[in-house]
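Undergrad: Residue numbers (this note's numbering): -8 to 230.
Glycine included, C-beta positions come from ideal geometry on N, C-alpha and C.
From a predicted model like this one, the values you see are computed outputs, not experimental measurements.
This is the structure I have questions about; it appears just below.
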């Protein structure tokens, strides 16, 4: 049994109990919150959850606002968030990813599929762990893989866990073409039910956070992306 802690944020009592029962049978520990405020409180209790399952339509504050606040708090900003919702339009997915969600599951769903999503995210989180002192440097960007911190020159950037994984993957594969399918497999850790649009949304957000250094990431139309091979000629533009 894995013993990882899952915070279930769901206002439908029957569904919350079903999730709680099935996840505990799969070996996880659980906490359950029925609204956004309770979710925020429970997310800060020790131990901090390993994954948050977050419904979007809550009775007090929206799930997107809960996710935004989780990403703003130093204690929870790296906790993976899976949004679970009946809102399946592309714009809903885009907004979810923009506020920091790591995955997006549409109701109705099978509990087995959701469990596989959780396993994939936890597997990716474990793979992200690196020895103390590991550092990646590319031009003005410096990444401390042990502490999951990123700097652009002397300014620290606030990246979600998924954006961090995407950036480190790009840097470690600099100069090599990365198709959307490869990135979905290697960064997200799952094959099915995730749109390639997901990759585009996250790359867009990562570029925005990298500011002028976003030019390090090249778009290859119809193919995917490539991180520049050399940073020497790419410097901060004059104001």
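State buried or exposed for residue -1, treating a residue as buried only when at least 16 other CB atoms are found within 10 Å of its CB.
TA: Label assigned to residue -1: buried.
Undergrad: Using DSSP's beta-bridge definition, name the partner residues of residue 129.
TA: Note: residue 129 sits in a beta bridge opposite 132.
Undergrad: Return helix, strand or coil for residue 12, following the three-state DSSP convention.
TA: It is helical.
Undergrad: Considering only DSSP beta bridges, list what residue 216 is partnered with.
TA: 169, 210.
Undergrad: Leaving out the 5 sequence neighbours to the left and right, which residues in its chain are closer than 6 Å to residue 129 when beta-carbon positions are compared?
TA: Around residue 129: 162, 222.
Undergrad: Between the C-alpha atoms of residue 179 and residue 150, what's the straight-line distance to the nearest angstrom?
TA: Their Cα atoms are separated by approximately 16 Å.
Undergrad: Please classify residue 115 as buried or exposed, where buried requires at least 16 neighbouring CB atoms within 10 angstroms.
TA: When all chains shown are included, residue 115 counts as buried.
Undergrad: Is the beta carbon of residue 143 closer than 8 Å to that of residue 41?
TA: Result no, Cβ atoms of residue 41 and residue 143 do not sit closer than 8 Å.
Undergrad: For residue 146, which beta-bridge partners are listed by DSSP?
TA: DSSP, once it has assigned bridges, lists 143 as partnering residue 146.
Undergrad: Quick one: grab the DSSP three-state call for residue 55.
TA: It is helical.
Undergrad: With burial defined as no fewer than 16 other Cβ atoms inside 10 Å of the residue's Cβ, what is the status of residue 196: buried or exposed?
TA: Classification for residue 196: buried.
Undergrad: My parser needs the alpha helix (DSSP H) runs of 4 or more residues fully inside the segment 65 to 103; what are they?
TA: The qualifying runs are 81 to 89.
Undergrad: Cβ atoms of residue 170 and residue 89: under 8 Å apart, would you say?
TA: Contact: no.
Undergrad: Look up residue 2 in the DSSP assignment and say whether it is helix, strand or coil.
TA: Reduced to three states, the DSSP call for residue 2 is coil.
Undergrad: In this structure, does DSSP put residue 177 in helix, strand or coil?
TA: Three-state DSSP puts residue 177 in a helix.
Undergrad: For the alpha helix (DSSP H) that contains residue 152, what are its first and last residues?
TA: Residues 152 to 163.
Undergrad: Alpha carbon to alpha carbon, how far is residue 2 from residue 220?
TA: Spanning the two alpha carbons is a distance of roughly 48 Å.
Undergrad: I'd like to know whether the C-beta atoms of residue 75 and residue 96 end up nearer to each other than 8 Å.
TA: Cβ distance < 8 Å, so residue 75 and residue 96 count as in contact.
Undergrad: Ends of the beta strand (DSSP E) at residue 24?
TA: Unbroken beta strand (DSSP E) run through residue 24: 20 to 24.
Undergrad: By Cβ distance below 8 Å, which residues in the same chain neighbour residue 127 in space, the five residues on each side in sequence not counted?
TA: So the list reads 133, 134, 136, 159, 162, 163, once near-sequence residues are dropped.
Undergrad: Would you give the residue range spanned by the beta strand (DSSP E) that residue 45 belongs to?
TA: First-last of the beta strand (DSSP E) with residue 45: 42 to 46.
Undergrad: Would you call residue 215 buried or exposed, if buried means 16 or more other Cβ atoms sit within 10 Å of its Cβ?
TA: Counting Cβ neighbours within 10 Å, residue 215 comes out buried, since at least 16 surround it.
Undergrad: Exposed or buried, residue 8, counting other C-beta atoms within 10 Å across all chains shown (16 or more means buried)?
TA: Its Cβ having fewer than 16 others within 10 Å, residue 8 is exposed.
Undergrad: Counting only the same chain and skipping the five closest in sequence on each side, list residues whose C-beta sits under 8 Å from that of residue 122.
TA: In this prediction, residue 122 scores a pLDDT of 49, lower than 50, which makes its location untrustworthy; no coordinate-derived value is stated.
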